[in-house]
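S.K.: For the sequence shown, our numbering puts the final residue at 505, and the numbers step up evenly by one. Glycine included, each C-beta is placed from N, C-alpha and C at the ideal position.
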Amino acid sequence: MPSLLLLLSLLYGTFHGASAQCPDYSAYARATHEPFSEGRYQLSYQRPTPECRKFNLSDVESTILDMKEIVKDPDLFRLFENTFPNTLDTTVTWRGVSNNNSAEELTFITTGDIVAMWLRDSANQLRSYKSLLKADESTDSLASLYRGAINLQARYILRNPYCNAFQAPVESGLPPENNGWADTDQVKPPYSTDFVFECKYELDSISAFLQLSYDYYDKTRDSDFFGKFQWANAVKTILDTAEDLLIGTYADDGAVNESPYTFRRAADSATETLANSGAGSPVKGGTGLVRSAFRPSDDSTIYQLFIPANMQFSSYLGRCAQIMKAHDAGLAQRMSDFASSVRNGIDAHGKVQHAVFGEIYAYEVDGFGSSNLMDDANVPSLLGAPVIDFLEASDETYQNTRKFVLSTWNPYYMHGPVLNGTGGPHVGPGRAWPMSIITSLLTSDDDGEIVAGLGMLVSSTNRLGLIHESVDTFNAARWTREWFSWANGFFGELLLVLRERKPHLLETSFQQQQ
């Protein structure tokens, strides 16, 4: 019977979705809705009604039903039930095909409360469903969502490789969103606001395209897809862009090199703009590391040789070289060589000796000897190095780094009676990001640490039953972003990983005072 109910639900959504009067989810997610979970936290039910869900996938609905039998705590299950389908329910904002090629699928995925497509966020929003991904030519499949996102991201990168967030494609008929924060931006190279929502150059954004590409290939082995449209050209653009950003601030004769990218914004926060007329703080050339003006938090870097993004870039550039071999052997070799060079740069310049923890990875370096020792909640992060497939969690330097990150030696480690985790300058001291706790659990083999982390996550939603951007470590009622699709999906991904690695932990009860 459950399969019949699912079918009826899907059919209802298909035939009635277009005409339904659906509430704005930003407002919806700020309120509680019955039926509440039957546990002590009485978490709200936060899924839109079936006719208001933007993309229905039977595999997701089946997974939710399966997890109900495995996750014994009613509050923990409600959190999974709300969060795992959140990207499909609320952020698959438009699907279609290119005006220039009816075979080229396009998928426009918004972040949640902002109607724009971030390269990084959309790649990670889809990654939440990677375990369900399989080869499928249907346009109503998860594989189609992936293909459409890859094609649209390729379009974005080909035109504006330094930008991080983009407007809906012209084919969608959706109007461009106004980004008031960017009204004063002075950016080189320039861009059109009809196409770009924001243009903060982040190495992790173009790396996310490689991550998304490899995730699709890894599960489907659909090599032919990557030779059909603009994927190879987008990869060439990424390589050209990254190679340009190997340049140091100074030439050998002392002359100042022209930076290929500059960004200035009139702001009262130092993390919203770049020093030195938008070029950023000086960096040394010849390190093998690629510069990044901004972090995955969209905050500016202090030192532009940002180690977590270089880890991500090296990891997925090398993996995508496997895909490219079938299409352009020379380009595949260039990708592989570049990935190795960046890894060597991380080994040579990205490690420092800490007086307490020994050899650890620095968060940022400048190549001159300066380093920034911290971590930020957003992935890629130092804590998340195994999550981005750069190394194994057992790596000794990583383990030292992990201990540093999850200690008060990390200036952005926030702790208090509500939850303990990494935050960042994006929302400031005193607020931990649940995303960092999820990352810590994905990289842990310690049952006690995992149970404690799950307890913090399930108890800190302010009864809303969604994963917030950040939460005050002393007051769960003070949080930012009620609707953050990436973080929601990340929690769902965590529970599916635990189902495979440590299913006994999903039998834990969180009904007693922690």
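Any idea what DSSP makes of residue 97, helix, strand or coil?
M.R.: As a working mapping, residue 97 is identified with position 106 in the sequence shown. Note: residue 97 maps to strand in three-state DSSP.
S.K.: Roughly how many angstroms lie between the CA atoms of residue 287 and residue 116, to the nearest whole one?
M.R.: Taking the sequence shown and counting its residues from 1, one reaches residue 287 at position 296. Taking the sequence shown and counting its residues from 1, one reaches residue 116 at position 125. If I take the Cα positions, the gap works out to 14 angstroms.
S.K.: Between 371, 419, 42, 454, which has its C-alpha nearest residue 429's C-alpha?
M.R.: As a working mapping, residue 429 is identified with position 438 in the sequence shown. Closest option to residue 429, Cα to Cα, is 371.
S.K.: Going by CA-CA distance only, name the one from 76, 317, 35, 252 that's closest to residue 283.
M.R.: Sequence index remark: in the sequence shown, residue 283 carries index 292 (1-based). If we check each option's Cα against that of residue 283, 252 comes out closest.
S.K.: Measuring straight from C-alpha to C-alpha, what distance separates residue 168 and residue 156?
M.R.: Locating residue 168 in the sequence shown gives position 177, counting from the first residue. Locating residue 156 in the sequence shown gives position 165, counting from the first residue. Answer to the nearest angstrom: the Cα atoms are 11 angstroms apart.
S.K.: If we ignore side chains and look at the alpha-carbon of each, how far apart do residue 262 and residue 202 end up?
M.R.: Here residue 262 refers to the residue found at position 271 when the sequence shown is read from its first residue. Here residue 202 refers to the residue found at position 211 when the sequence shown is read from its first residue. Computed Cα separation, rounded: 26 angstroms.
S.K.: Skipping 5 residues on each side, what residues in its chain have a beta carbon closer than 7 angstroms to that of residue 347?
M.R.: For the purposes of this step, residue 347 is taken as residue 356 along the sequence shown, with counting starting at 1. Cβ neighbours of residue 347 beyond the five flanking positions: 400.
S.K.: Going by DSSP, name the residue or residues bridged to residue 109.
M.R.: As a position in the sequence shown, residue 109 is number 118, starting the count at 1. DSSP lists 156 as partners of residue 109.
S.K.: Check residue 222 in the structure and name its three-state DSSP category.
M.R.: Within the sequence shown, the letter at position 231 stands for residue 222. Helix at residue 222.
S.K.: Work out the CA separation of residue 438 and residue 497 for me, nearest whole Å.
M.R.: As a first step, residue 497 must be located in the sequence shown, where it is residue number 506. As a first step, residue 438 must be located in the sequence shown, where it is residue number 447. One C-alpha to the other measures close to 11 angstroms.
S.K.: Could you tell me how far apart the beta carbons of residue 34 and residue 456 are, in whole angstroms, since I believe they sit closer than 8 angstroms?
M.R.: The residue labelled residue 34 in the question sits at position 43 within the sequence shown. The residue labelled residue 456 in the question sits at position 465 within the sequence shown. About 4 angstroms; that satisfies the 8 angstroms criterion.
S.K.: With a Cβ-Cβ cutoff of 8 angstroms, do residue 379 and residue 324 count as a contact?
M.R.: By 1-based counting over the sequence shown, the position of residue 379 is 388. By 1-based counting over the sequence shown, the position of residue 324 is 333. Contact flag unset, no.
S.K.: Can you give the Cα-Cα distance for residue 12 and residue 132, rounded to whole angstroms?
M.R.: Along the sequence shown, read from residue 1 onward, the residue named residue 12 stands at position 21. Along the sequence shown, read from residue 1 onward, the residue named residue 132 stands at position 141. Using only the alpha carbons, I get a separation of about 25 angstroms.
S.K.: Is it the case that the Cβ atoms of residue 274 and residue 357 are separated by a distance below 8 angstroms?
M.R.: Position 283 of the sequence shown, counting from 1, holds the residue named residue 274. Position 366 of the sequence shown, counting from 1, holds the residue named residue 357. In this structure, residue 357 lies closer than 8 angstroms to residue 274 by Cβ.
S.K.: What's the call for residue -4, buried or exposed, on a 16-neighbour Cβ count within 10 Å?
M.R.: Position 5 of the sequence shown, counted from the start, is the residue given in the question as residue -4. In this prediction, residue -4 has a pLDDT of 35, which is less than 50 and means its spatial position is unreliable; nothing more can be read from the coordinates.
S.K.: What does the alpha-carbon distance come out to for the pair residue 331 and residue 172?
M.R.: Mapped onto the sequence shown, residue 331 falls at position 340. Mapped onto the sequence shown, residue 172 falls at position 181. So the two alpha carbons sit approximately 38 angstroms from each other.
S.K.: Please identify the residue among 493, 344, 27, 110 whose C-alpha is closest to the C-alpha of residue 289.
M.R.: Within the sequence shown, the letter at position 298 stands for residue 289. Nearest C-alpha to residue 289: 110.
S.K.: Taking the alpha carbon of residue 482 as the point to measure from, which residue in 493, 448, 153, 492 has its own alpha carbon closest?
M.R.: To locate residue 482, count along the sequence shown from 1; it is residue 491. Closest by alpha carbon: 448.
S.K.: Candidates 266, 82, 184: which alpha carbon is nearest residue 479's?
M.R.: Here residue 479 refers to the residue found at position 488 of the sequence shown. Of 266, 82, 184, the residue nearest in Cα terms is 82.
S.K.: Return the first residue and the last residue of the alpha helix (DSSP H) that residue 345 is part of.
M.R.: Residue numbering aside, residue 345 sits at position 354 when the sequence shown is read from its first letter. Residue 345 -> not in any alpha helix (DSSP H); beta strand (DSSP E) instead, spanning 342 to 345.
S.K.: Taking residue 30 as the reference, which of 41, 43, 397, 65 has the closest Cα?
M.R.: Locating residue 30 in the sequence shown gives position 39, where the first residue counts as 1. Answer by Cα proximity: 65.
S.K.: Per DSSP, what are the beta-bridge partners of residue 404 in this structure?
M.R.: By 1-based counting over the sequence shown, the position of residue 404 is 413. Answer is 413.
S.K.: For the region 244 to 311, list the alpha helix (DSSP H) runs that are entirely contained and at least 4 residues long, ordered along the chain.
M.R.: Runs of the alpha helix (DSSP H) inside the region 244 to 311: 266 to 269.
S.K.: Would you check if there are 3 or more beta carbon pairs closer than 8 angstroms linking the region 206 to 216 to the region 182 to 190?
M.R.: Segments in contact, no.
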